[in-house]
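K.L.:
The opening position of the sequence shown corresponds to residue 140 in our numbering, with each subsequent residue numbered one higher.
Think of the CB as a built atom: it goes at the ideal place given N, C-alpha and C, for glycine as much as any other residue.
Just dropping this structure here.
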Amino acid sequence: MKAPVMLNHMLRTDAARTAKTSAPQSRTWLRAAILSACFSGLSGLAAATEITPSTQTVVQAAATKANAAPAAAASARGAMGLPDAELMRQLIARHPAWLAQLAQTESERHLAAQKRAGPHEWTPSVQYGRRTYEADATTPRTTQAEWEAAIERGIRLPGKTHAADLAAQRQAALAEARQQQTWRQLSLQAIQLYADWLREYRQEQVWLDQVKVLTQQSDAVSKRHQLGDAAQIDSLQMRASLTQASLQAQAASQRRQARWTSLQSAFSGWPAQLATPTLPSHSTTLNAAEQQALLAQAPEARVSQLEADYAQAQAQLDRSDTTADPTVGVKVGQARGSAEKMVALTLSWPIGSTARDLGAQSSAALADAAQQRHEDTLRQLNRDLTLLQQEAQDSLRLWQLAQEGLTQLQSVARSLDKGFALGEGTLSEVLQARRLANEQALVTAQAEVDAWLAQWRWAVQRGALWPTP
């Protein structure tokens, strides 16, 4: 057994002597390869920030061809790595914010019905008394009972009923729109929480892969050190790199568990195993007409529009209420025992004060403010839709460029590994290449999750994912 070991040691020593003579040339070539890969990745990322018009036209043309049949949208829902619509409906249905919004909607329906019914009520009244009188000094005092009974009710003036019905109708519609807005907000919240977890999960996987590679290299360096073919500093340097990668993997695991706890606390029952498919090559784009149609159907736009409509209807109702409603009634009674009997019709009509006019003016100002907020909401939504559509496209391009940079850096790292195994290069160069490849892997994992998050948000906004009930 000693002869093969000695022969192997002699071969390694001879390879080391040969490497010493060619070390400057090999190091120069390796550094050039690393720098070439790095600059190639950076140039690709720089190009992603400024897409030329011709490139953008090609991307939009390709996306337009893949655009939007309902069947295609349904198949996309099943291929986006998220729970299906039925499971998501169950998850949102248990969310406290959704339950609170349902209760709020029910309350608004009752308030709308109350507005239709009006504030007027039947008001009965009864009076009873005993009157004592005497005609003259010679006549004894006489005590007789007398009573009155009346019932009255306010009457809504013509025009107020229509104004109240319109305000009630818009109040109920606003409650329904806010319910749909809450559904959309919870969908986006679920996507964000899941993306946060997925990001940490991918980061953990990258560090675990790094630990695996460094463990194999550490074993190889240890064997070379035992054979006298590697310095002790190489073994120490390798163990330090391995320890650092292990700590990073453990930290990523802890962050992943914290993100999972947040996801489960908000959406209990979220499936633990969801296969994330490969990202699409392009994103769905909308032309100007389609974007305007989507803008009009957005829950945020509908809520702001109905808020303006409801404020306008309430201002109309308050303006009609500047004239008070009259009150009519019927009164019956008797006095002097039964000697006097009475049947009467009553009418009372409050004289309006300045307070009613000021209230109507305040409601009119609130209606103007609601209309201005609606216009501002439309501008913001139009901007957000444009940015979201652009982000869905750019994120895919950034991920593709990150993938290219990762492939190049991993190729360089593998070349350095092979060279080091043959006695070429130094361990520092190998670790440097592995560190650059690992950093690029982290960037690529981040870019992938960001791209998926952009695709999910864009799909929710278009109604292609988890449509509102």
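In three-state DSSP terms, what is Ile231?
P.N.:
helix
K.L.:
Please say whether Gly491 and Thr466 have beta carbons closer to each other than 7 Å?
P.N.:
no
K.L.:
Roughly how far, in whole angstroms, is the beta-carbon of Ser459 from the beta-carbon of Leu535, given that I think they are within contact range, below 8 Å?
P.N.:
At roughly 56 Å, the Cβ-Cβ gap does not stay under 8 Å, so Ser459 and Leu535 are not in contact.
K.L.:
With a 10 Å radius around its C-beta and 16 neighbouring C-beta atoms as the bar for buried, classify Val599 as buried or exposed.
P.N.:
Here Val599 is buried: its Cβ has 16 or more other Cβ atoms, across all protein chains shown, within 10 Å.
K.L.:
Apart from the five residues on each side of it in sequence, which residues of its chain come closer than 8 Å, Cβ to Cβ, to Phe445?
P.N.:
First, the residue type needs correcting, since residue 445 is Leu and not Phe in the sequence shown. Here the set comprises Arg309, Ala312, Leu313 and Ala316.
K.L.:
As a quick exercise: from Leu433, Ser420 and Thr382, pick the residue whose alpha carbon is nearest that of Thr525.
P.N.:
Across the set Leu433, Ser420 and Thr382, the C-alpha of Leu433 shows the shortest separation from the C-alpha of Thr525.
K.L.:
What do you reckon, are the CB atoms on Asp457 and Ser487 nearer than 7 Å?
P.N.:
Cβ atoms of Asp457 and Ser487: not closer than 7 Å.
K.L.:
Could you give the DSSP three-state label for Val198: helix, strand or coil?
P.N.:
Annotation note: pLDDT 31 at Val198 (below 50); position unreliable, coordinate value reported separately. Reduced to three states, the DSSP call for Val198 is helix.
K.L.:
Would you check if there are 3 or more beta carbon pairs closer than 8 Å linking the segment 376 to 388 to the segment 396 to 408?
P.N.:
no
K.L.:
Rounding to the nearest angstrom, what Cα-Cα distance links Arg573 and Gln376 in this structure?
P.N.:
Going by the C-alpha atoms only, they are around 13 Å apart.
K.L.:
For the segment 225 to 245 against the segment 325 to 336, are there 3 or more C-beta pairs whose distance is under 8 Å?
P.N.:
Yes: at least three Cβ pairs fall under 8 Å.
K.L.:
Can you give me the C-alpha to C-alpha distance between Leu120 and Ser404, rounded to a whole angstrom?
P.N.:
Since the first residue of the chain shown is 140 and the last is 608, residue 120 is not available in this structure.
K.L.:
Please report the distance separating the alpha-carbon of Ser443 from that of Gly257.
P.N.:
26 Å
K.L.:
Excluding sequence positions up to five away, which residues of its chain have a Cβ less than 6 Å from the Cβ of Ala288?
P.N.:
Val265 and Val471
K.L.:
What whole-angstrom Cβ distance do Leu545 and Ala580 have, given they're in contact under 8 Å?
P.N.:
6 Å
K.L.:
Do you know offhand how far Trp346's Cα is from Gln243's?
P.N.:
47 Å
K.L.:
My parser needs the alpha helix (DSSP H) runs of 4 or more residues fully inside the segment 367 to 437; what are they?
P.N.:
371 to 405 and 427 to 436
K.L.:
CA-CA distance, Ala185 and Asp507?
P.N.:
Its pLDDT being 36, under 50, Ala185 is placed unreliably by the model, and the measurement read from it follows with that caveat. If you take the alpha carbons of Ala185 and Asp507, they lie about 46 Å apart.
K.L.:
Helix, strand or coil for Leu486 per DSSP?
P.N.:
strand
K.L.:
Identify whether Ser264 lies in helix, strand or coil by the three-state DSSP scheme.
P.N.:
strand
K.L.:
Tell me the DSSP secondary structure of Glu102 in three-state form.
P.N.:
The requested residue 102 is not part of the displayed model; the chain covers only 140 to 608.
K.L.:
If we call anything under 7 Å between Cβ atoms a contact, is Glu247 one with Gly268?
P.N.:
At least 7 Å separates the beta-carbon of Glu247 from that of Gly268.
K.L.:
Does the Cβ-Cβ distance between Ala251 and Ala307 come in under 7 Å?
P.N.:
Annotated as proximal: Ala251 and Ala307, with beta-carbon spacing under 7 Å.
K.L.:
Measure the Cβ-Cβ separation of Leu520 and Glu439 and say whether it is below 7 Å.
P.N.:
yes
K.L.:
Looking at Leu548: is its Cβ nearer than 7 Å to the Cβ of Leu566?
P.N.:
no
K.L.:
May I ask you to report which of helix, strand or coil DSSP gives Thr271?
P.N.:
strand
K.L.:
If we ignore side chains and look at the alpha-carbon of each, how far apart do Glu245 and Gln387 end up?
P.N.:
50 Å
K.L.:
Put Trp595 into one of helix, strand or coil per three-state DSSP.
P.N.:
helix
K.L.:
Taking the C-alpha atoms as reference points, what is the distance between Asp679 and Pro297?
P.N.:
Only positions 140 to 608 of the chain appear in this structure, which leaves residue 679 out of reach.
K.L.:
For Trp605, which three-state DSSP category applies?
P.N.:
coil
K.L.:
So, helix, strand or coil for Ala239, using DSSP?
P.N.:
helix
K.L.:
Would you kindly check if the distance between the Cβ of Thr607 and the Cβ of Trp409 is under 7 Å?
P.N.:
No, Cβ-Cβ distance for Trp409 and Thr607 is not below 7 Å.
K.L.:
Among Lys254, Leu570, Ala560 and Ala478, whose alpha-carbon lies nearest the alpha-carbon of Ala384?
P.N.:
Leu570
K.L.:
Quick one: what's got a C-beta closer than 7 Å to Lys480's C-beta in the same chain, skipping five residues either side?
P.N.:
Gln473
K.L.:
With a CB to CB cut of under 8 Å and the five nearest residues on each side skipped, what residues in its chain are close to Ala454?
P.N.:
Around Ala454: Ala499, Ser502, Ala503, Leu505 and Ala506.
K.L.:
Tell me Gln532's beta-bridge partners as DSSP assigns them.
P.N.:
None, per the DSSP bridge assignment.
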